[in-house]
Structure formats: C-alpha cells, structure tokens
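Let me begin by presenting the structure, written as structure tokens, before commenting on it.
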Amino acid sequence: MSRYVRCWRLEHGRAGVEVVIAQTHEPGAEGEVDFGEFYAEIAGTMTKCHLFVLRLSCSAKAAYVAFTNQGQEAFLEGHVRAFEALGGVPQRIRTENVPRNIFDLLWPTPLCGRGPTAPSATVVNGAAGSFSGT
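Using the working numbering, the final residue of the sequence shown is 134, and nothing's skipped along the way.
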C-alpha cells in the first residue's frame, strides 16, 4: 500500500519528503531483550515455546535461547547464556513486553500497596535448546 501511495503521489505531483530518523548506538552501550513465540515438536508433541533474544543495538549481533516458558528462571538464564555467547555485557539493557513476574524481580518495591508476588509454582526450566548467532 505504501508503495502504491508513493507512486500515486509522484504521478500527481504530490511527492512528499520521506522522513528517516537515523539511530546511532555506541558499541557495547545497549542490548535489546524480548521473547518471541514459536511451536516445536518435542517428544512427538507440538509444544508452544518462547525464544529469548538479546540483540546488541550497534552491531545487531544476537544470541537466542529457546525455553518452554517465560518464567524468571528463563529470563535470567537467557541473559546469562546470551552474555556468554556474545562475550560480554552491554552497559544498558532495554526490555520489551516484560511479563508481570519479571517486574517483581526487576523492581521489588511495593506498587499500589502490593509487594512482590511469590512464585505460585516452581517450573523446571525446560530449555528446548539454544543457539547463538548473528
């Protein structure tokens, strides 16, 4: 659609200025963390899995770790394994879509009269596998 609109504007003399905001990141300054979902066959069963991704903002080099949950254990282990695979720790980590249980881990102060929640059950990590790459 955007290509169509751009062509239409050119044909009708209404070409606009394309705006691009370049982002620059210093090496080692920032890493971005997020979980993605995918399905994998594990022991003959299609299983919903969660892919932990830590991507360095400057180089776009990334490390990936697959888990069967997004619990605190997976969140922390994902960081440790990513730092090992990438050979260091960025100065700052930017997280996306942080699950509620991770908020309690990162910011353990009372919020609206509530303290950190205790885990309702301990879930064995269940790592489905991992790999690192760019």
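The beta-carbon is built from N, C-alpha and C at its ideal position, and this holds for glycine as well.
Continuous alpha helix (DSSP H) stretch holding residue i: start and end
| i | result |
| --- | --- |
| V5 | 2-11 |
| R81 | 72-86 |
Limits of the beta strand (DSSP E) - the one that residue i falls within
| i | result |
| --- | --- |
| A63 | 62-67 |
| R92 | 92-95 |
Proximity below 8 angstroms, CB of residue i to CB of residue j
| i | j | result |
| --- | --- | --- |
| A138 | A60 | Residue coverage of the chain in this structure runs from 1 to 134, which leaves residue 138 outside it and unanswerable. |
| V65 | A82 | yes |
| E26 | E96 | no |
Cutoff 6 angstroms; reference residue i; Cβ partners in own chain excluding five residues on either side
| i | result |
| --- | --- |
| M141 | The structure shown has nothing for residue 141, since the chain only spans 1 to 134. |
Own chain partners of residue i with C-beta closer than 7 angstroms, once the 5 adjacent residues on each side are dropped
| i | result |
| --- | --- |
| K48 | E37, Y39 |
Assigned secondary structure, residue i (DSSP; H/G/I helix, E/B strand, else coil)
| i | result |
| --- | --- |
| A118 | Confidence at A118 is low in this model, with a pLDDT of 42, below 50, so the placement of that residue should be treated as unreliable; the coordinate-derived value is given next. Residue state, collapsed to three classes: coil. |
| R14 | coil |
Closer than 7 angstroms: residue i CB and nearest the ligand COA heavy atom
| i | result |
| --- | --- |
| T68 | For the ligand COA, the structure offers nothing, since it holds no ligand at all. |
query: Where in the stretch 22-52 do unbroken runs of the beta strand (DSSP E), each at least 3 residues long, occur, reported from the N-terminal end onward?
result: Listed in chain order, they are 30-42.
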